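Remarks on the structure that follows.
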Amino acid sequence: MIHIDVTKTLHGAEGIMPLHVKLSIKEGEFVALGGKSGSGKTTLLRILAGLEEAQGKIKVHNTFWLQKNRSLPVQQREIGFVFQDYALFENMSVEKNLLFVNNDKKLAEHLLGLTELSSLKERYPNSLSGGQKQRVSICRALMKKPKILLLDEPLSALDPAMRTKLQNELLVLHKEFGTTSIMVSHDPSEIYRLASRVIMLQNGKIINDGAPKEVLLKTQGSQKFSFEGELLDIKKADVIYIAIVAIGQQLVEVVVSSAEAKNLQIGQSIRLSTKAFAPTLTQN
Ligand SMILES: Nc1ncnc2c1ncn2[C@@H]1O[C@H](COP(=O)(O)OP(=O)(O)OP(=O)(O)O)[C@@H](O)[C@H]1O
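Take the sequence shown: its position 137, counted from the start at 1, is 137 in full-length UniProt numbering, and no numbers get skipped.
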């Protein structure tokens, strides 16, 4: 079990913002950390990694990583950290990047095999795609068989197809190694696919904690569809107005009245809702 009870005074966009997070995480759990920008997600990961000072306690299994202001040094925390920007050693080959943290050739080969990187092991990071680089950095983070794997928006710089591929690989790796993982993500589908639990932060506090389907599904069983999107344009067509809305990768047209059109502003974020009595699913 991992017990976290930490506080830190942050300087948020609107002044002082106390971060206070108290939670316990079971061994092997895959936890997603969500919440608006500036809510304290990255800071919490950095506190866990020992990269940021904080007050309180962190107990991992039977070892205190933080207690009474005594902080275990970063190197002794048995953490794997994956950042959005890969942070690979550019002057080392893929294989050397892994062996540098732990000289276990067998494990390196196994990890590279699981992530389809075996044929690229002699290559250098600057000759790899973003998706390949991130797979190397995930493998490298697992080389020390860490007690906790921290992932800070690891897939957000990748295109949707590569994201899905890496989500599947993360699932395979989690199944195989069972590493307790905490991943910051803004993507509900990613959280739903990977995490068994999601914790939402707001202004440095936990405001929601539960299974992804409890926390993320806003329209549970109500036959209602609701999508968040951005209003791109409003066109006049005879007596009606048509709003063009971007939802994820798709553009959708919605008929609105002239009164509604007057109240809308291009660029604003909006919610598109509809009552769907008999929705249909077709395969692509
Ligand atoms: N060491 C620090 N001392 C004081 N304030 C800090 C410190 N580190 C970050 N902050 C502030 O705390 C707030 C939360 O930052 P943090 O990066 O943790 O947010 P986040 O939820 O990860 O945001 P995003 O989703 O944009 O990455 C920000 O307003 C930031 O400026």
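Using N, Cα and C, we set each Cβ at its ideal position, and we do this for glycine too.
Every value quoted in this text rests on a predicted model; they were computed, and no experiment measured them.
Please classify E190: is it buried, with 16 or more other beta-carbons within 10 angstroms of its beta-carbon, or exposed?
The residue labelled residue 190 in the question sits at position 190 within the sequence shown. E190 comes out buried.
When you compare the CB positions of I79 and L66, do they come within less than 8 Å of one another, or not?
Taking the first residue of the sequence shown as position 1, residue 79 is located at position 79. Taking the first residue of the sequence shown as position 1, residue 66 is located at position 66. Their beta carbons are not under 8 Å apart, which means I79 does not touch L66 by this criterion.
What do you get for D152, buried or exposed, if any count of 16 or more other CB atoms within 10 angstroms of its CB means buried?
By 1-based counting over the sequence shown, the position of residue 152 is 152. Counting Cβ neighbours within 10 Å, D152 comes out buried, since at least 16 surround it.
Is it right to say K41 is buried, meaning 16 or more other beta carbons lie within 10 angstroms of its own, or is it exposed?
Translated into the one-based positions of the sequence shown, residue 41 becomes position 41. Label assigned to K41: buried.
Hey, which residues come within less than 5 Å of ligand 3, measuring from Cβ to any heavy atom, in chain order?
Ligand 3 is not part of this structure, which contains only ligand 1.
Can you give, in chain order, each stretch of the beta strand (DSSP E) that sits fully within the region 30 to 94 and has at least 3 residues?
Whole beta strand (DSSP E) segments, 3+ residues: 30 to 34, 55 to 60, 63 to 67, 79 to 82.
Along the chain, where does the beta strand (DSSP E) that runs through T180 open and close?
The residue labelled residue 180 in the question sits at position 180 within the sequence shown. Note, T180: beta strand (DSSP E), 180 to 184.
May I ask which residues mark the beginning and end of the alpha helix (DSSP H) holding P160?
Sequence index remark: in the sequence shown, residue 160 carries index 160 (1-based). That run of the alpha helix (DSSP H) goes 160 to 177.
Per the DSSP calculation, D233 is bridged to which residue(s)?
As a first step, residue 233 must be located in the sequence shown, where it is residue number 233. Its beta-bridge partners are I244.
According to DSSP, is E228 helix, strand or coil?
Indexing the sequence shown from 1 puts residue 228 at position 228. Strand at E228.
Taking the C-alpha atoms as reference points, what is the distance between A261 and G229?
On the sequence shown, residue 261 is found 261 positions in, with the first residue counted as 1. On the sequence shown, residue 229 is found 229 positions in, with the first residue counted as 1. Approximately 16 Å between the Cα atoms of the pair.
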